[in-house]
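Sequential numbering from 1 applies to the sequence shown in full-length UniProt numbering.
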Amino acid sequence: MDFRSAVTSHSEWKAKLSGYLSQPNGSLDAATVERDDQCELGLWLHEEGMEWHDLPEYAALTADHAHFHEAAAEVVRRADAGERLNHETVLGCGSAYMDAAKRMVIALIRLKARTEVSQQTPIPLLQNRDSDGSHCHSSSHGEAGSSR
């Protein structure tokens with residue numbers, strides 16, 4: 001699986017959700033967004049990635065990936081319910097969505113590192129960026145060294 005592609009595709013959700021908040025027109029379906037088995041990463045986790053199911057990093061990524069989709073779906077549900085939502089409050093630093101996105105990316109990086117070490121493949125240096133490419137940092141969530 002292309003881990004960079006998985007991060008990129010999930011970071012694109014912030015832009016999709018931001019656009020949807022501006023105009024909730026039914027183009028996103030919360031039940032579909034919530035499914036964690038339809039995107040590239042979800043398909044990999046539920047199929048090929050099962051080879052790593054015994055690793056704690058796999059379990060963490062599976063849970064964090066599902067939580068990411070739940071958080072994104074909640075934004076859609078709230079917009080569909082007619083709530084006037086502030087983009088920064090709902091999608092920015094410290095939001096449930098951003099915290100879920102950060103945890104998922106960190107879990108993905110940890111699984112990638114673990115599987116590459118297992119395969120003795122060199123690990124490229126990773127930049128300290130959030131899932132959307134920004135440098136948003138939260139003191140309570142998402143730091144690579146913190147535990148959940």
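Positions of the beta carbon are idealized from the N, C-alpha and C atoms, including for glycine. Since this is a predicted model, take the numbers as computed values, not measurements.
field: Same chain, Cβ closer than 7 Å to serine 9, five either side skipped, listed in chain order
entry: The residue labelled residue 9 in the question sits at position 9 within the sequence shown. Excluding the 5 residues flanking it on each side, serine 9 has same chain C-beta neighbours closer than 7 Å at Cys39 and Glu40, in chain order.
Alpha carbon of glutamate 84 to alpha carbon of leucine 111, nearest angstrom: Locating residue 84 in the sequence shown gives position 84, counting from the first residue. Locating residue 111 in the sequence shown gives position 111, counting from the first residue. Per the sequence shown, the amino acid found at residue 84 is arginine instead of glutamate. Roughly 37 Å between the two C-alpha positions.
message: So for methionine 50, helix, strand or coil by DSSP?
response: Along the sequence shown, one-based indexing puts residue 50 at 50. It is helical.
- prompt: Between aspartate 54 and the rest of its own chain, which residues show a CB-CB distance below 6 Å, the 5 nearest in sequence each way excluded?
  reply: As a working mapping, residue 54 is identified with position 54 in the sequence shown. Result list for aspartate 54: empty, nothing under 6 Å.
query: Does the Cβ of alanine 100 have 16 or more other Cβ atoms within 10 Å, making it buried, or fewer, making it exposed?
result: As a first step, residue 100 is located in the sequence shown; it is residue number 100 there, counting from the start. Under this definition alanine 100 is a buried residue.
- request: Just confirm the distance between the C-beta atoms of aspartate 36 and alanine 66, as a whole number of angstroms; I'd bet it's less than 8 Å.
  value: Looking up residue 36 in the sequence shown gives position 36. Looking up residue 66 in the sequence shown gives position 66. Taking the Cβ atoms as the reference, aspartate 36 lies roughly 4 Å from alanine 66, within the contact range of under 8 Å.
- request: Sort Ala63, Ser22, Gly19 and Ala73 by Cα distance to isoleucine 106 and report the nearest one.
  value: Here residue 106 refers to the residue found at position 106 when the sequence shown is read from its first residue. Comparing C-alpha distances from isoleucine 106 to each of Ala63, Ser22, Gly19 and Ala73 shows the shortest one belongs to Ala63.
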